[in-house]
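Asks: One structure, pasted below without further comment.
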Amino acid sequence: MGLTTILNAKKVARKLLLYNYWPGELRQGFKDVRDDLLFRLTAVQNGLGVNFDSGKAVFSKNKRRIIVPAEILSRKDQALSLAMNFDRIFSIPDLQYSDNTVDFTKEIALMGYRVKTNYGMALELEGIKNYNRYYALKEGDVVFDCGAFHGIYALLISSKVGKSGRIFCFEPDEKNAEILAQNIKRNGIRNVVLVKKGIWKSEGKVSFLPGHGEVSSIVLDGHGKSGALTVDAVSIPGFVRQRNISRLDFVKMDIEGAELEAIEGCLDFLKTHRVNFGIASYHLRNGQETYHSLGPLFEKAGYGHATEITDTITTYAWSKGAKP
């Protein structure tokens with residue numbers, strides 16, 4: 002049965018209005034309730050139908066369909082995001098589809114590659130392209146892709162660094178690493194090295210919350226969380242030494258808030274090496290986005306930096322003698 006046959010927009014709106022008057026702590030505790038109400042209202046407002054079919058959730062509007070794993074509906078924030086961005090997905094220039102259907106339970110055609118990924122990564126494609134706004138990659142460059150997820154950034158830049166270049170993809174989440182490896186192999190990419198480790202301020206073990214194919218993260222608050230695992234982690238300077246890497250040209254980083262520790266762990270290294278950075282810095286730490294703290298950290302190493310706020314927030318940094 003389609004959700005549009007059982008939802009009443011006015012009732013949902015009234016429930017949502019009451020929710021907005023709850024005390025802050027109570028609202029936080031009922032975040033899933035809020036997201037579910039918003040999802041239902043958004044589905045109605047956008048004219049979306051949602052049906053289940055053999056373990057899949059089919060979002061439909063007019064003749065267009067987006068198919069995702071059914072478990073997305075148990076992740077209320079993701080279901081809401083898909084409902085809000087249904088039309089936007091069909092306008093992604095580098096996404097090819099047929100029969101008015103995008104099926105994220107199978108391989109999709111993205112940037113001319115055959116890849117397995119989720120709708121969220123497809124939506125982030127334009128942001129991924131912006132990592133190199135301040136540094137143009139060239140043949141032979143060595144790149145660290147920290148928080149590589151499904152390897153979409155690595156695929157995007159593989160031809161730019163060429164046969165003599167190397168892209169080291171750091172991804173500690175076992176499921177994401179498996180998808181990444183398949184994407185690289187499927188497309189015959191030979192200059193990518195998968196490293197199943199997290200990036201941290203030092204080498205060792207860290208508590209890690211897997212995303213089971215979605216966003217995962219190092220546990221940052223010092224307390225154990227249900228479902229957390231212990232994984233290997235390494236610092237940027239430590240990995241350079243281990244692999245005897247003679248140069249490091251660019252670091253792309255999207256590691257869910259751990260970017261502060263990652264940069265803290267390489268300040269001395271940066272004083273003697275010219276490395277360029279593009280960092281997703283919208284993650285919250287102590288109530289504020291990490292870009293507020295990243296700038297002062299880079300200044301300690303004598304680096305220049307800039308932060309751009311668009312649909313996302315990205316911090317760029319460079320050795321002052323090496324800015325393009």
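Numbered per this note's numbering, the sequence shown spans residues 2 to 325.
Idealized CB from N, CA, C, for every residue including glycine.
Note that this is a predicted model, so its numbers are computed, not measured.
Taking the alpha-carbon positions, what's the GLY48 to PHE60 distance?
Replies: Numbered from its first residue, the sequence shown carries residue 48 at position 47. Numbered from its first residue, the sequence shown carries residue 60 at position 59. Looking at the two C-alpha atoms, the distance is approximately 10 Å.
Asks: Can you give me the C-alpha to C-alpha distance between LYS176 and THR308, rounded to a whole angstrom?
Replies: Position 175 of the sequence shown holds residue 176. Position 307 of the sequence shown holds residue 308. Their Cα atoms are separated by approximately 31 Å.
Asks: Express the C-alpha separation of PHE40 and ILE185 in angstroms, rounding to a whole number.
Replies: Working through the sequence shown from its first residue, we reach residue 185 at position 184. Working through the sequence shown from its first residue, we reach residue 40 at position 39. C-alpha separation (whole angstroms): 34 Å.
Asks: Can you tell me where the alpha helix (DSSP H) holding ILE246 begins and where it ends?
Replies: For this step, residue 246 is matched to residue 245 along the sequence shown. No alpha helix (DSSP H) contains ILE246, which DSSP labels as neither H nor E.
Asks: So, does the region 75-91 touch the region 50-65, judging by three or more C-beta pairs under 8 Å?
Replies: A contact exists between the region 75-91 and the region 50-65.
Asks: How big is the Cα-Cα spacing for SER203 and PHE169?
Replies: Indexing the sequence shown from 1 puts residue 203 at position 202. Indexing the sequence shown from 1 puts residue 169 at position 168. If I take the Cα positions, the gap works out to 18 Å.
Asks: Using only the alpha-carbon positions, how far apart do ASP142 and ILE73 sit?
Replies: Within the sequence shown, numbered from 1, the residue matching residue 142 stands at position 141. Within the sequence shown, numbered from 1, the residue matching residue 73 stands at position 72. For ASP142 and ILE73, the distance between alpha carbons rounds to 38 Å.
Asks: Tell me, please, whether the CB atom of GLY258 is closer than 7 Å to any CB atom in chain C?
Replies: Judged by its chain identifiers, the structure shown contains no chain C, having just a single protein chain.
Asks: How would you label LEU285, buried or exposed, when you count the other beta carbons within 10 angstroms and need 16 or more for buried?
Replies: For the purposes of this step, residue 285 is identified with residue 284 of the sequence shown, where counting begins at 1. Result: exposed.
Asks: Under 8 Å Cβ to Cβ from LEU298, same chain only, skipping five residues before and after it: list those, please.
Replies: Taking the first residue of the sequence shown as 1, we reach residue 298 at position 297. Result list for LEU298: LEU261, ILE264, GLU265 and LEU268, in chain order.
Asks: If I follow the unbroken beta strand (DSSP E) through HIS306, where does it start and stop?
Replies: Numbered from 1 along the sequence shown, position 305 holds the residue referred to as residue 306. Segment 304-310, the beta strand (DSSP E) holding HIS306.
Asks: Measure the C-alpha to C-alpha separation of PRO325 and LYS77 and round it to an integer number of angstroms.
Replies: On the sequence shown, position 324 is the one that residue 325 refers to. On the sequence shown, position 76 is the one that residue 77 refers to. Any answer about PRO325 is weak, because its pLDDT of 47 lies below 50 and its placement is not dependable; what the coordinates show is given next. Taking the straight line joining both Cα atoms gives about 43 Å.
Asks: Name the residue from ASN101, GLY128, ALA71 and LYS107 whose alpha carbon lies nearest to the alpha carbon of THR313.
Replies: Taking the first residue of the sequence shown as 1, we reach residue 313 at position 312. Of ASN101, GLY128, ALA71 and LYS107, the residue nearest in Cα terms is GLY128.
Asks: At the level of alpha carbons, what is the spacing between ASN192 and ASP37?
Replies: Position 191 of the sequence shown, counting from 1, holds the residue named residue 192. Position 36 of the sequence shown, counting from 1, holds the residue named residue 37. Their Cα atoms are separated by approximately 43 Å.
Asks: In three-state terms, what does DSSP make of LEU138?
Replies: Residue 138 sits at position 137 when you count from the first residue of the sequence shown. Coil, per DSSP.
Asks: Just checking my contact of THR315 with ALA281 at CB under 8 Å: how many whole Å lie between their CB atoms?
Replies: Walking along the sequence shown from the start, residue 315 turns up at place 314. Walking along the sequence shown from the start, residue 281 turns up at place 280. Yes, THR315 and ALA281 are in contact; Cβ-Cβ is about 6 Å, under 8 Å.
Asks: Name the one or two DSSP bridge partners that ALA58 has.
Replies: Taking the sequence shown and counting its residues from 1, one reaches residue 58 at position 57. DSSP lists PHE53 and VAL69 as partners of ALA58.
Asks: Among ILE109, SER247, PHE240 and VAL196, which one has its Cα closest to the Cα of ASN188?
Replies: If you number the sequence shown from 1, residue 188 lands on position 187. Measuring from the Cα of ASN188, the nearest candidate turns out to be ILE109.
Asks: Leaving out the 5 sequence neighbours to the left and right, which residues in its chain are closer than 7 Å to TYR304 when beta-carbon positions are compared?
Replies: In the sequence shown, the residue the question calls residue 304 occupies position 303. Excluding sequence neighbours, TYR304 sits near LEU271, ALA318, TRP319, SER320 and LYS321.
Asks: Alpha carbon to alpha carbon, what distance is there between TYR283 and ILE310?
Replies: To locate residue 310, count along the sequence shown from 1; it is residue 309. To locate residue 283, count along the sequence shown from 1; it is residue 282. If I take the Cα positions, the gap works out to 9 Å.
Asks: If we count the other Cβ atoms within 10 Å of its Cβ and call it buried at 16 or more, is PRO238 buried or exposed?
Replies: Looking up residue 238 in the sequence shown gives position 237. So PRO238 counts as buried.
Asks: From the DSSP output, in three-state form, read off ASP104 for me.
Replies: Position 103 of the sequence shown, counted from the start, is the residue given in the question as residue 104. ASP104: strand per DSSP, three-state reduction.
Asks: Considering only the beta carbon of each residue, do ASP146 and TYR136 sit closer than 7 Å?
Replies: Along the sequence shown, read from residue 1 onward, the residue named residue 146 stands at position 145. Along the sequence shown, read from residue 1 onward, the residue named residue 136 stands at position 135. Not a contact, by the Cβ cut-off of 7 Å.
Asks: Hey, ARG167 and VAL194 are a contact pair by Cβ (cut 8 Å); roughly how many whole angstroms apart?
Replies: Walking along the sequence shown from the start, residue 167 turns up at place 166. Walking along the sequence shown from the start, residue 194 turns up at place 193. Indeed, because the Cβ distance is near 6 Å, the residues count as touching under 8 Å.
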